[in-house]
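Visitor: Please see the structure below; I have some questions.
2 protein chains.
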Amino acid sequence: MRIVITGGCGFLGRRVAMKLLAEGSALGPVDELVLFDNALPALPLPEDKRVRVVTGDIADRATVAQLIAPGTDAVFHLAAIVSGQAEADPDLGYRVNLDGTRAVLDACRALGSQPRLIFASSLAVYGGALPPEVGEETALMPQSSYGTQKAIGELLVNDYSRKGFVDGRALRLPTVVVRPGLPNRAASTFASSMIREPLTGRDAVCPVTPETVMALASPRRIVAGLVHALGLPGEAFGATRVMQLPGFSVSVGDMAAAMRRAGGEAAHARLRWQPDAQIQAIVGSWPRALAAPRAEALGFGRDRDIDEVVQAFIEDDMALQKTLVA
Amino acid sequence: MRIVITGGCGFLGRRVAMKLLAEGSALGPVDELVLFDNALPALPLPEDKRVRVVTGDIADRATVAQLIAPGTDAVFHLAAIVSGQAEADPDLGYRVNLDGTRAVLDACRALGSQPRLIFASSLAVYGGALPPEVGEETALMPQSSYGTQKAIGELLVNDYSRKGFVDGRALRLPTVVVRPGLPNRAASTFASSMIREPLTGRDAVCPVTPETVMALASPRRIVAGLVHALGLPGEAFGATRVMQLPGFSVSVGDMAAAMRRAGGEAAHARLRWQPDAQIQAIVGSWPRALAAPRAEALGFGRDRDIDEVVQAFIEDDMALQKTLVA
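Same order as they appear, the protein sequences are chains A and B. In this text, residue positions in the first sequence follow our numbering: the first is 1, and each later residue adds one. In this text, residue positions in the second sequence follow our numbering: the first is 327, and each later residue adds one.
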């Protein structure tokens, strides 16, 4: 198996790579794993002869055609400009998130071998007056350029799969918590910071009220879901290749309480509540609960609760996090 | 006012042009009306000094930038590859229906003056297990490349409007009946042929059962809707610039009966029922009824019944139709 991961040096791509190297894939042993990104990795990559790192521009069709070369069996397309940046720089957002996705799809199509394609979509495709739970039956009404671009990516993956150009699956990921690393320009960045920073001895600010409810999944769960999606047969997806992945719902107050249970009073004292009306409005427009019966029937799981998620961060990322901010 | 109509020599574009020339626009008098199309018009255009016909490739950005020149106040973007052809030639479909739409949007954006943009979308954005009535609350699940491209166009129009690049409105048109002219490569073409051909002394075939129900609107009504949309303020559209236009539901058997009422036994004898399982399946997957409360509140109307629609064809298009097939 030759597998390409775009955004492969990023936080999720790197974890998908590590899981594939350690456990293999459901489709067969991994012979070559190409991690594509726009810059050399900030995070340490596994030392493994099967890994190759390639840097370049995802929207450059020649680059992508060379990347997704004959012999490629599967592509994880995770590369994206995050929401805040796509909003601030629409040309860059459309270039990476739309042109880049089309370049990946057309390179897959050019192979003629219907490679499997796993596309990471987002809750940002939803918006407007939301029902109590959202899922594939919910109308798309993105309120950001990022959400628009992800919704378009889903539509393209579905159509290219229907036409037999790729064997795609577009997964709507819940908000990922706890992300390691530094805060980024996503409006959701606080949801990781408010746990990660205090647990590693640093101050954090929570810009929304404790009553705010979010639908989350841990990196461990998301990465398992992405790899699980690779192994499923295309027919399992039924009428659409778009799938809402499960998440669990939790209030921001309960997130703070779980951080306190894990880190004690010293950690708790490092979290400051400082309401930001703009972020509150954005987060308040997000889904509070996810309906994912299709994904659950196909074996995609969800985290038990926020304590399990905090524990996963401590086990998987705490050591790495301490080296990052040292 | 300088107004550009892409697909301006086509059946709907030409009618929009004629209405604007005759009645002016809600935004002011029409000084220049540019009809853009990929070929010179097959249908007679109004002789009017304000009309200019331009032919070219809608996906060529330089062409479109020249077309949507400074001073352009509004664009009707109607140019598209129809469903059957977009399915048969996906490269052409994506080029015209996606790249072309982006070229139009980016040319509008480059003006810096937020021109009004009316985009014609389609019921083909819906699919899968449909509710009894469809509307903006219904999930997008296109089952064709054409529907995929129209759904993407809607998302782009909405995002570009949200960002203030254009003042757009994306209208989901019901199936248009009675179209004048010749059958085309749309699966819906029979719905016009079965009325138009017998009334003009020619044979027609109906490939679906009399019980099949469709959601329709007359050309007269659609054209009035497109022109009405130009005059509405952007704020009137609320949370999304995507709007389902009203239609009326009618069985194919009742369509045949209305044709018989208008054309008598001689016309009736010219319609042959010849089931086609493939077309039946496609048409059966389409919405049977439309929920359009937003559009109705904004003054978009619907035809009273199929007899009114047949009468509109006789008044508006019968003479033209006879010259076309003479």
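From the three backbone atoms N, C-alpha and C, an ideal C-beta is built for every residue, glycine too.
#1: Please list the partners that residue 454 of chain B has in chain A, where partner means a Cβ-to-Cβ separation under 8 Å.
#2: With residue 494 of chain B as the anchor, note down where its beta strand (DSSP E) starts and where it stops.
#3: Touching or not, the region 488 to 506 of chain B and the region 586 to 599 of chain B, by the rule of three or more beta carbon pairs under 8 Å?
#4: What does the alpha-carbon distance come out to for the pair residue 611 of chain B and residue 601 of chain B?
#5: Within the 7 Å Cβ cut-off, does residue 466 of chain B reach chain A?
#6: Between the alpha carbons of residue 251 of chain A and residue 180 of chain A, how many angstroms are there, rounded?
#7: List the residues of chain B whose Cβ lies closer than 8 Å to the Cβ of residue 148 of chain A, in chain order.
#8: With a 10 Å radius around its C-beta and 16 neighbouring C-beta atoms as the bar for buried, classify residue 166 of chain A as buried or exposed.
#9: In the DSSP output, what is residue 53 of chain A paired with across the bridge?
#10: Contact defined as beta carbons within less than 8 Å: I believe residue 20 of chain A pairs with residue 474 of chain B. What is the distance between those atoms, to the nearest angstrom?
#11: Got a sec? Which residues, its chain only, sit under 6 Å from residue 183 of chain A by beta carbon, not counting five neighbours each side?
#12: In this structure, how does DSSP classify residue 471 of chain B when only helix, strand and coil are distinguished?
#13: Give the DSSP bridge partners of residue 532 of chain B, in chain order.
#14: Identify whether residue 563 of chain B lies in helix, strand or coil by the three-state DSSP scheme.
#15: Can you pull the chain B neighbours of residue 265 of chain A, defined as C-beta to C-beta under 7 Å?
#16: Is it true that the region 196 to 209 of chain A meets the region 226 to 243 of chain A, where meeting means three or more beta-carbon pairs spaced less than 8 Å apart?
#17: Would you give the residue range spanned by the alpha helix (DSSP H) that residue 194 of chain A belongs to?
#18: Can you tell me where the beta strand (DSSP E) holding residue 332 of chain B begins and where it ends?
#19: Give a yes or no on whether the C-beta atoms belonging to residue 394 of chain B and residue 433 of chain B are separated by under 7 Å.
#20: Going by beta carbon distance, what residues of the same chain come within less than 7 Å of residue 450 of chain B, once the five residues before and after it are set aside?
#21: Less than 7 Å between CB atoms is the rule here; does residue 478 of chain B satisfy it with respect to chain A?
#22: Any beta-carbon of chain C closer than 7 Å to the one on residue 315 of chain A?
#23: Any idea what DSSP makes of residue 549 of chain B, helix, strand or coil?
#24: Considering Cα atoms alone, identify which of A/128, A/164, A/49, A/134 is closest to residue 115 of chain A.
#25: Does DSSP put residue 116 of chain A in a helix, in a strand, or in coil?
#26: Output yes if chain B places a C-beta closer than 7 Å to the C-beta of residue 137 of chain A; else output no.
#27: When DSSP builds the beta bridges, which residues end up paired with residue 487 of chain B?
#28: Roughly how many whole angstroms lie between the Cα atoms of residue 40 of chain A and residue 413 of chain B?
#29: Step through the CB atoms of chain B and report whether any lies within less than 7 Å of the CB of residue 188 of chain A.
#30: Thinking C-alpha only, which one of A/186, A/219, A/131 is nearest residue 290 of chain A?
#31: Go to residue 67 of chain A, then tell me how far its alpha helix (DSSP H) extends in each direction, as first and last residue.
#32: Taking residue 401 of chain B as the reference, which of B/330, B/606, B/541, B/604 has the closest Cα?
#33: Look at the Cβ atom of residue 640 of chain B, then the Cβ atom of residue 513 of chain B, and state whether they are nearer than 7 Å.
#34: Only counting the same chain, and skipping five residues up and downstream in sequence, which positions put a Cβ closer than 6 Å to that of residue 253 of chain A?
#35: In this structure, how does DSSP classify residue 127 of chain A when only helix, strand and coil are distinguished?
#36: Under a three-way DSSP split, which group does residue 72 of chain A fall into?
Guide: Looking at the coordinates:
#1: Contact of residue 454 of chain B with chain A by beta-carbon distance below 8 Å involves 239, 240.
#2: Start and end: 493 to 499.
#3: No: fewer than three Cβ pairs fall under 8 Å.
#4: Between the C-alpha atoms of residue 611 of chain B and residue 601 of chain B there is a straight-line separation of about 16 Å.
#5: Chain A contact via Cβ: present.
#6: Spanning the two alpha carbons is a distance of roughly 20 Å.
#7: Close to residue 148 of chain A, with beta-carbon spacing below 8 Å, are these residues of chain B in chain order: 481, 482, 484, 485.
#8: Answer is buried; the Cβ neighbour count reaches 16.
#9: BP columns for residue 53 of chain A point to A/35.
#10: Your pair residue 20 of chain A and residue 474 of chain B does not check out as a contact, with CB atoms roughly 30 Å apart and the cut at 8 Å.
#11: Taken in chain order, the residues that qualify are 189, 193.
#12: In the three-state reduction of the DSSP assignment, residue 471 of chain B falls in the helix class, which pools H, G and I.
#13: In the DSSP secondary-structure assignment, residue 532 of chain B is bridged to B/599.
#14: DSSP, read as helix, strand or coil, puts residue 563 of chain B in helix.
#15: Those do not exist, as residue 265 of chain A stays about 44 Å from chain B at its closest Cβ, beyond 7 Å.
#16: No, because fewer than three Cβ pairs between the region 196 to 209 of chain A and the region 226 to 243 of chain A fall closer than 8 Å, the two stretches do not touch.
#17: 189 to 199 is the extent of the alpha helix (DSSP H) around residue 194 of chain A.
#18: Counting along the chain, the unbroken beta strand (DSSP E) around residue 332 of chain B starts and ends at 328 to 332.
#19: Yes, they are a contact pair.
#20: Excluding its 5 nearest sequence neighbours in each direction, residue 450 of chain B has C-beta neighbours in its own chain below 7 Å: 409, 468, 470, 472, 473, 476, listed in chain order.
#21: For residue 478 of chain B, the closest Cβ of chain A is nearer than 7 Å.
#22: Included in the structure are the protein chains A and B, with no chain C among them.
#23: The answer is helix: DSSP assigns residue 549 of chain B an H, G or I state.
#24: Taking only the C-alpha atoms, the option nearest residue 115 of chain A is A/164.
#25: DSSP places residue 116 of chain A within a strand segment (E or B) once states are collapsed to three.
#26: Yes, residue 137 of chain A counts as interfacial toward chain B.
#27: The partner list for residue 487 of chain B (beta bridge, DSSP) is empty, contrary to what the question assumes.
#28: So the two alpha carbons sit approximately 41 Å from each other.
#29: So no, residue 188 of chain A is outside the interface.
#30: Minimum Cα distance to residue 290 of chain A is reached at A/131.
#31: DSSP places residue 67 of chain A inside the alpha helix (DSSP H), whose first and last residues are 61 to 67.
#32: Checking every option, the nearest Cα to that of residue 401 of chain B belongs to B/330.
#33: In this structure, residue 513 of chain B does not lie closer than 7 Å to residue 640 of chain B by Cβ.
#34: Apart from sequence neighbours up to five positions away, the residues of its chain that approach residue 253 of chain A with a beta-carbon distance below 6 Å are 210, ordered along the chain.
#35: Coil at residue 127 of chain A, not helix or strand.
#36: Shown here, residue 72 of chain A sits in coil according to DSSP, grouped into three states, outside any helix or strand.
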